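Structure record follows, encoded as structure tokens.
In the numbering used here, the protein residues as written are 147 to 629.
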């Protein structure tokens, strides 16, 4: 078993699948080894929502498709609006109890077809509305670089497990930065695709009026590109679709990008970057320049305070609708005491706004999409820090008092993460790349956004940055390496 553990230490997901195809290792051996790795970092990380070990063992004995890119590779799905036939789906909330949808989402079906074996689900804050993965349902998910700090949110459980090398990649979703913020906090690669590129069905047509999309976080860029290749494309009956792509996403990694014109955003208003965030993004800007790209200081053409006010005019009514549907599904109305304080605040302040106000908010974010698209007629890519400061201590971003105002929550949460949600609103692809660690040993990602439908440009740039400054060799103190 130790040889298999070394194999996992040395390979990403695609590398492990190749070992399976060559007969060097059997999927059941990988499953058992990953179970050991998960148990080595749990419960210290507190990142696993439900263990599905026996299901994974059974799946590992089924015939494999040798053409599947991730044949026999164990991973986990996020416990947030991602139905998995064998798992419960809590959405990070006490209100869902032990509910088990009993079917796979389209995304999960595509991941299974790609060869993935699900050994569990990962933690999320209630309904994914926080940049820290802390909830009454599961407690706090910790950062493997320093367990006193947050792993980010809302895909914090997935990010912590990938960073701790329990698995090479894990599925997540992103409605305002939920893939990219935890990737930044945990020192891994997080990628949000363009609106409409990924399947949302069969239950949903879109999340938060199109702000949300699923995908994954990974240690290697090539795993992320291959996962995108295996899962992208609108599903049956989708309300809209991203532009069709004409070549496999992994092919974009084979060559360096042409010289890019990059807009550098250093100081958003009204929230300033801490010195470590500025150091991180300037380090990345210098690296990009050394690779032949042009980096030009620029300003975001958006009033961030007004923007987040409009975003919560979308999230509030969407949350009210979901709570109503949940009550109908379970046959009993959801009680306030079953919900987290931030959900109660959302429902109180924005859950029942007039329909015209919701419509105005949707139109405002669509207008922002046109504005940012216009900015990217001048630039190829927009670069900023992923967050305004290093990963915060646990509890700092958590709201405990439901009498807190929504304005105070926005100040607390989006003063920490003002950048990422802009590109959920615009629908543009975006990514967090791990290129900097603070003096305290905490990672801070750099955030890049590209043109709508141009995932290839970002992936090509990410691969170039990965070659120039590899990050896989940086391992947190809490990890499964060497197990």
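By construction, the Cβ of each residue, glycine as well, lies at the ideal position given by its N, Cα and C atoms. As the structure is a prediction and not an experimental result, all values here were calculated from the model.
DSSP state of residue i mapped onto helix, strand, coil
i, result
"residue 532", "coil"
"residue 311", "coil"
"residue 277", "coil"
"residue 594", "strand"
"residue 630", "With the chain covering 147 to 629 only, the question about residue 630 has no answer from this structure."
"residue 430", "helix"
"residue 502", "helix"
"residue 147", "Below a pLDDT of 50, predicted positions are generally treated as unreliable, and residue 147, at 46, falls in that range; no measurement from the model is reported."
"residue 411", "coil"
"residue 398", "helix"
"residue 436", "helix"
"residue 628", "coil"
"residue 159", "helix"
"residue 317", "strand"
"residue 517", "helix"
"residue 299", "coil"
"residue 611", "helix"
"residue 618", "coil"
"residue 287", "coil"
"residue 578", "strand"
"residue 603", "helix"
"residue 523", "coil"
Candidates the options, of which the one nearest residue i by Cα
i, options, result
"residue 234", "267, 211, 251 and 212", "267"
"residue 437", "564, 444 and 429", "429"
"residue 465", "563, 409, 512 and 353", "353"
"residue 244", "283, 278 and 482", "283"
"residue 292", "629, 628 and 624", "624"
"residue 220", "211, 257 and 193", "257"
"residue 364", "238, 397, 392 and 316", "316"
"residue 402", "605, 189 and 177", "605"
"residue 498", "512, 351, 461 and 150", "461"
"residue 562", "299, 188, 369 and 505", "299"
"residue 587", "327, 426 and 369", "426"
"residue 610", "502, 434, 527 and 526", "434"
"residue 318", "525, 222, 476 and 199", "222"
"residue 366", "617, 621, 629 and 211", "617"
"residue 211", "285, 350, 262 and 529", "262"
"residue 159", "500, 372 and 350", "372"
"residue 312", "340, 476 and 181", "181"
"residue 413", "394, 444 and 400", "444"
"residue 420", "349, 584 and 574", "584"
"residue 392", "375, 582 and 538", "375"
"residue 172", "208, 386, 566 and 533", "208"
"residue 601", "395, 567 and 613", "395"
"residue 225", "188, 265 and 269", "269"
"residue 567", "475, 327 and 368", "327"
"residue 474", "241, 424, 340 and 195", "241"
C-beta contact flag for residue i and residue j at 7 Å
i, j, result
"residue 560", "residue 578", "no"
"residue 164", "residue 486", "no"
"residue 507", "residue 459", "yes"
"residue 333", "residue 309", "yes"
"residue 279", "residue 304", "no"
"residue 619", "residue 330", "no"
"residue 155", "residue 627", "yes"
"residue 599", "residue 389", "yes"
"residue 431", "residue 446", "no"
"residue 206", "residue 166", "no"
"residue 150", "residue 179", "yes"
"residue 249", "residue 231", "yes"
"residue 636", "residue 571", "One cannot answer for residue 636 here, as it falls past the ends of the chain, which runs 147 to 629."
"residue 496", "residue 548", "no"
"residue 573", "residue 515", "yes"
"residue 580", "residue 589", "yes"
"residue 277", "residue 543", "yes"
"residue 529", "residue 408", "yes"
Whole-number beta carbon distance between residue j and residue i, since they are thought to touch under 8 Å
i, j, result
"residue 336", "residue 325", "4 Å"
"residue 229", "residue 251", "5 Å"
"residue 193", "residue 540", "Not confirmed; about 13 Å, so no contact."
"residue 203", "residue 174", "6 Å"
"residue 384", "residue 347", "7 Å"
"residue 545", "residue 488", "5 Å"
"residue 478", "residue 527", "That pair is no contact at about 49 Å."
"residue 314", "residue 162", "7 Å"
Which ranges would you report for the beta strand (DSSP E) in the region 192-268 if only whole runs of at least 3 residues count?
Entirely contained in the region 192-268, the beta strand (DSSP E) runs reaching 3 residues are, in chain order, 194-197, 220-224 and 263-268.
Along the chain, which unbroken stretches of the alpha helix (DSSP H) at least 4 residues long are found entirely within the region 331-357?
none
Continuous alpha helix (DSSP H) assignments of at least 4 residues falling wholly in the region 436-479:
450-476
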